[in-house]
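Engineer: In my numbering, the protein residues as written are 429 to 607. Don't be surprised by glycine CBs; every beta carbon is placed ideally from N, CA and C. This structure is a prediction, so every number in the text was calculated from the model and none was measured. Before I ask anything, let me first share the structure, which is written out below as structure tokens.
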């Protein structure tokens, strides 16, 4: 195990794989504020995509999720109900998630719950190194009541680095499990 971790560290002499994500604020056409984060992961694109698609692993990546229930599932989609500790209150919402394997993308949108609007995507891209993937995370959230979406976005911007670290860790676990 130590040898594998040493090999992984040696494969990243510049430290780019541990670097903080590049993050930029976005505004959707409907005015909802959001963000885009781009970061590298030391895992092949298909492993990263599967890790991000597996809704049952979400609590590893998003620890504020207190409960998660799959309410519908089929080829290329899953509807999941989430209960999240949003600091000031518990929030419940249901997301419809779609997988586009050809585009290496996972997209989601809210289909019910306490929030006015939630939408986003994960996009996984290959790099020149087949063992390294570029991940683009896009998220828009409008809570729909007395909390400005800009404040929600600002809070999310502060948590992106932690999220990228958890995505990297989950993918590292998936790579090790596949050996």
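Which residues bound the beta strand (DSSP E) around residue 454?
Structural biologist: Within the chain shown, residue 454 is the residue found at index 26, counting from 1. From DSSP, the beta strand (DSSP E) with residue 454 extends over 450-455.
Engineer: Quick one: Cα of residue 456 to Cα of residue 514, how far?
Structural biologist: Taking the first residue of the chain shown as 1, we reach residue 456 at position 28. Taking the first residue of the chain shown as 1, we reach residue 514 at position 86. The alpha-carbon atoms of residue 456 and residue 514 are separated by roughly 22 Å.
Engineer: On the DSSP letters alone, give me the boundaries of the beta strand (DSSP E) that residue 523 sits inside.
Structural biologist: Taking the first residue of the chain shown as 1, we reach residue 523 at position 95. First-last of the beta strand (DSSP E) with residue 523: 518-528.
Engineer: Leaving out the 5 sequence neighbours to the left and right, which residues in its chain are closer than 8 Å to residue 505 when beta-carbon positions are compared?
Structural biologist: Here residue 505 corresponds to residue number 77 of the chain shown, with the count starting at 1. Around residue 505: 524, 525, 526, 527.
Engineer: Answer yes or no: do residue 471 and residue 538 have a C-beta to C-beta separation smaller than 8 Å?
Structural biologist: Translated into the one-based positions of the chain shown, residue 471 becomes position 43. Translated into the one-based positions of the chain shown, residue 538 becomes position 110. Cβ atoms of residue 471 and residue 538: not closer than 8 Å.
Engineer: In chain order, what are the residue ranges of uninterrupted beta strand (DSSP E) at least 3 long that sit wholly in the stretch 529-580?
Structural biologist: Correct list: 533-541, 545-554, 561-570.
Engineer: Since residue 496 contacts residue 534 with CB under 8 Å, what's their CB separation in whole angstroms?
Structural biologist: As a first step, residue 496 must be located in the chain shown, where it is residue number 68. As a first step, residue 534 must be located in the chain shown, where it is residue number 106. In fact, because the Cβ distance is near 15 Å, the residues do not count as touching under 8 Å.
Engineer: Do you know how far the Cα of residue 484 is from the Cα of residue 499?
Structural biologist: Position 71 of the chain shown, counted from the first residue, corresponds to residue 499. Position 56 of the chain shown, counted from the first residue, corresponds to residue 484. About 12 Å.
Engineer: So, residue 551 versus residue 532, is the Cβ gap smaller than 8 Å?
Structural biologist: Position 123 of the chain shown, counted from the first residue, corresponds to residue 551. Position 104 of the chain shown, counted from the first residue, corresponds to residue 532. Yes, Cβ-Cβ distance for residue 551 and residue 532 is below 8 Å.
Engineer: In the structure shown, what three-state DSSP assignment does residue 607 receive?
Structural biologist: Here residue 607 refers to the residue found at position 179 when the chain shown is read from its first residue. DSSP places residue 607 in coil when its eight states are reduced to three.
Engineer: Could you tell me which residues DSSP puts in a beta bridge with residue 461?
Structural biologist: Residue 461 sits at position 33 when you count from the first residue of the chain shown. In the DSSP output, where bridge partners are listed per residue, residue 461 has 455.
Engineer: Return the first residue and the last residue of the alpha helix (DSSP H) that residue 486 is part of.
Structural biologist: Working through the chain shown from its first residue, we reach residue 486 at position 58. Residue 486 -> alpha helix (DSSP H) spans 486-489.
Engineer: Between which residues of its own chain and residue 554 is the CB-CB distance below 7 Å, once the five residues before and five after are set aside?
Structural biologist: Here residue 554 is taken as the residue at index 126 of the chain shown, counted from 1. Only 473, 561 meet the Cβ criterion.
Engineer: Measuring CA to CA, which of 529, 572, 559, 549 is closest to residue 566?
Structural biologist: Numbered from 1 along the chain shown, position 138 holds the residue referred to as residue 566. Comparing Cα positions, the closest option is 549.
Engineer: What residue from 486, 536, 556 has the CA that sits closest to residue 512's CA?
Structural biologist: Position 84 of the chain shown, counted from the first residue, corresponds to residue 512. That would be 486, whose Cα lies nearest to the Cα of residue 512.
Engineer: Tell me the rounded alpha-carbon separation between residue 604 and residue 598.
Structural biologist: For the purposes of this step, residue 604 is taken as residue 176 along the chain shown, with counting starting at 1. For the purposes of this step, residue 598 is taken as residue 170 along the chain shown, with counting starting at 1. Rounded to whole angstroms, residue 604 to residue 598 spans 10 Å at the Cα level.
Engineer: Could you give the residue range of the beta strand (DSSP E) that holds residue 499?
Structural biologist: As a position in the chain shown, residue 499 is number 71, starting the count at 1. Run containing residue 499: 493-502, per the beta strand (DSSP E) assignment.
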